[in-house]
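These notes concern the structure reproduced below.
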Amino acid sequence: MKILSLGFMLASTLLAAPPGENKIEIGRSNFAAVYRVTIDRQTTVVKEKLFVDTEIDEQFANEVSTLKLLQHSRKHPFIVTMLASDNNSIEFESMDTDLDQVLDHLHINRDLPLVTLPADLKEGKDAYFHKALTDISRALIFVHAHDVIHGDVKPGNILLQFKNGMLVAKLCDFGMSHKKGTRDKPFGTMAYVAPEAVLNPSEADTSSDIWSFGNVVGACYAIFMQPTALVQQSAQQNRENFEEFKADFKKHPQKYYANFKNTPYYELIQQLLVVKPKKRIDAHQLFNKLQEMTQKKSNAESSELSFMQKFLLSLHIKKPSDDPEEYEN
Ligand SMILES: Nc1ncnc2c1ncn2[C@@H]1O[C@H](COP(=O)(O)OP(=O)(O)OP(=O)(O)O)[C@@H](O)[C@H]1O
Ligand SMILES: [Mg+2]
Numbered sequence: 291m292k293i294l295s296l297g298f299m300l301a302s303t304l305l306a307a308p309p310g311e312n313k314i315e316i317g318r319s320n321f322a323a324v325y326r327v328t329i330d331r332q333t334t335v336v337k338e339k340l341f342v343d344t345e346i347d348e349q350f351a352n353e354v355s356t357l358k359l360l361q362h363s364r365k366h367p368f369i370v371t372m373l374a375s376d377n378n379s380i381e382f383e384s385m386d387t388d389l390d391q392v393l394d395h396l397h398i399n400r401d402l403p404l405v406t407l408p409a410d411l412k413e414g415k416d417a418y419f420h421k422a423l424t425d426i427s428r429a430l431i432f433v434h435a436h437d438v439i440h441g442d443v444k445p446g447n448i449l450l451q452f453k454n455g456m457l458v459a460k461l462c463d464f465g466m467s468h469k470k471g472t473r474d475k476p477f478g479t480m481a482y483v484a485p486e487a488v489l490n491p492s493e494a495d496t497s498s499d500i501w502s503f504g505n506v507v508g509a510c511y512a513i514f515m516q517p518t519a520l521v522q523q524s525a526q527q528n529r530e531n532f533e534e535f536k537a538d539f540k541k542h543p544q545k546y547y548a549n550f551k552n553t554p555y556y557e558l559i560q561q562l563l564v565v566k567p568k569k570r571i572d573a574h575q576l577f578n579k580l581q582e583m584t585q586k587k588s589n590a591e592s593s594e595l596s597f598m599q600k601f602l603l604s605l606h607i608k609k610p611s612d613d614p615e616e617y618e619n
């Protein structure tokens with residue numbers, strides 16, 4: 291018998307059991323394995339520690355305490371819901387896939403097992419990206435309103451659900467989340483991380499998530515701003531090279547922004563990927579700018595009801611709120 295929500299306990303023998311027919315591995319990192327588990331026709335996702343280690347314990351504890359804080363009253367529509375937890379595992383609502391897998395599917399034709407993608411995903415990708423980015427900007431408004439830095443914004447930490455041709459995106463993996471000044475070790479993933487999160491982590495604030503969001507926008511269009519050499523090394527090995535990258539970016543930002551000329555986000559990116567954290571827009575401004583783009587796009591295409599327009603008309607985008615109650619259906 292499974293206990294959900296109450297007391298945040300995991301009580302099923304199947305959840306603790308090895309993988310089998312009803313427990314399928316869907317993700318793995320150096321620290322954890324993630325399984326989709328079905329019991330009595332109810333499917334959830336369980337993340338389990340791979341071994342006992344202080345760093346892993348810390349990541350799990352961070353994830354549980356941040357998600358408890360964020361969902362203390364109600365669940366947020368664009369943040370993954372935690373259903374239960376114990377010392378070694380965390381149980382979540384089950385989503386279809388993540389943005390990293392969808393980008394692999396679009397960019398390198400990799401198949402997505404067990405997920406039925408919408409037939410118009412390729413032709414309508416701009417609209418789907420825009421909806422996913424808008425959802426995550428709303429998640430960031432809420433996370434940042436709690437003074438929490440997510441610390442690892444990247445496509446693999448953006449979960450997606452496709453339902454009746456609609457897409458919902460939710461932010462997940464709060465293992466590196468923290469408040470400003472409480473962390474002196476570099477945090478984030480090298481391909482997406484803000485310079486200050488590597489070079490001066492104790493000074494990094496919520497705007498480091500905004501830089502990472504800029505790189506997520508890039509990844510949607512297969513644009514990778516951080517040089518490959520940086521991405522392949524650890525933060526410690528990278529210090530010097532990161533300084534160089536930061537200085538070059540600061541001196542010649544247009545060289546980097548030029549990559550975005552053929553995407554809808556050329557202007558926006560210049561307000562996200564900015565070396566000085568204080569010069570970046572915040573999550574509220576980000577949401578507003580994404581919404582302005584939605585409206586402009588709808589006006590520009592008013593002669594014919596395009597896919598984009600039909601899609602965007604169905605979004606019912608409202609003003610962002612810090613109160614999750616407003617998002618409830
Ligand atoms: N609730 C969920 N529904 C569906 N898939 C999920 C869910 N949670 C996680 N996943 C899948 O598992 C992957 C890893 O999950 P998560 O990022 O939480 O673990 P992690 O160990 O911190 O991974 P990493 O270090 O690679 O970021 C996700 O990228 C996604 O593919
Ligand atoms: Mg992750």
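Residue numbers (our numbering): 291 to 619. We put the CB at the ideal spot given by N, CA and C, even for glycine.
Proximity winner among the options, relative to residue i (alpha-carbon distances)
i: Leu357; options: Ser319, Val438, Tyr418; result: Val438
i: Gly478; options: Val335, Gln349, Leu305; result: Gln349
i: Asp330; options: Asn312, Ala323, Glu534; result: Asn312
i: Gly471; options: Asn490, Tyr482, Ala484, Gly455; result: Asn490
i: Val405; options: Leu396, Met385, Pro367; result: Met385
i: Val564; options: Asn552, Phe577, Lys545; result: Lys545
i: Glu557; options: Gly508, Lys566, Ala525; result: Gly508
i: Val336; options: Gly455, Thr344, Val342, Val354; result: Val354
i: Val324; options: Gln332, Glu381, His366, Asp347; result: Glu381
i: Phe532; options: Lys579, His366, Ala484, Arg473; result: Ala484
i: Ile448; options: Thr328, Val392, Lys541, Val521; result: Val392
i: Asn320; options: Thr334, Lys339, Lys541, Arg473; result: Lys339
i: Ile559; options: Phe535, Ser524, Asn505; result: Asn505
i: Ser427; options: Gln585, Met583, Thr584, Asn578; result: Asn578
i: Lys333; options: Asp343, Ala322, Ile316; result: In the sequence on display, residue 333 carries Thr and not Lys. When only C-alpha atoms are compared, the closest one is Ile316.
i: Leu407; options: Ile314, Lys587, Phe452, Ser524; result: Phe452
i: Gly455; options: Lys475, Pro476, Gly414, Val433; result: Gly414
i: Arg318; options: Thr371, Phe341, Lys587; result: Phe341
i: Gln522; options: Tyr547, Lys541, Tyr482, Cys510; result: Tyr482
i: Asn352; options: Lys586, Phe464, Lys587; result: Phe464
i: Thr387; options: His362, Thr344, Arg326; result: Arg326
i: Ile346; options: Leu305, Thr328, Thr584, Ala322; result: Ala322
i: Ile314; options: Pro403, Tyr547, Lys541; result: Pro403
CB of residue i within 9 Å of CB of residue j, strictly
i: Asn528; j: Met480; result: yes
i: Gln581; j: Arg570; result: no
i: Leu450; j: Ala422; result: yes
i: Met515; j: Asn549; result: yes
i: Glu486; j: Pro567; result: yes
i: His395; j: Leu373; result: no
i: Asp425; j: Pro554; result: no
i: Ile500; j: Leu389; result: no
i: Ala429; j: His468; result: no
i: Ser492; j: Arg473; result: yes
i: His434; j: Ala512; result: no
i: Phe539; j: Leu520; result: no
i: Lys475; j: Ala525; result: yes
Rounded distance between the beta-carbons of residue j and residue i, thought under 8 Å
i: Ile289; j: Ala573; result: Here the chain comprises residues numbered 291 to 619, so residue 289 is not present and cannot be evaluated.
i: His420; j: Leu359; result: So it is not a contact: roughly 29 Å between Cβ atoms.
Practice problem: With a cut-off of 6 Å, give the chain-ordered residues whose Cβ is closer than this to any heavy atom of ligand 2. | Solution: Taking every residue with its beta carbon within less than 6 Å of a heavy atom belonging to ligand 2 gives, in chain order, Gly446, Asn447, Asp463.
Exercise. Report yes or no: do the region 373–382 and the region 428–444 share at least 3 C-beta pairs separated by less than 8 Å?
Key: Because the criterion of three Cβ pairs below 8 Å is not met, the region 373–382 and the region 428–444 do not touch.
Quiz prompt | At least 3 beta-carbon pairs within less than 8 Å: the region 487–505 vs the region 452–460 | solution = No, they do not touch.
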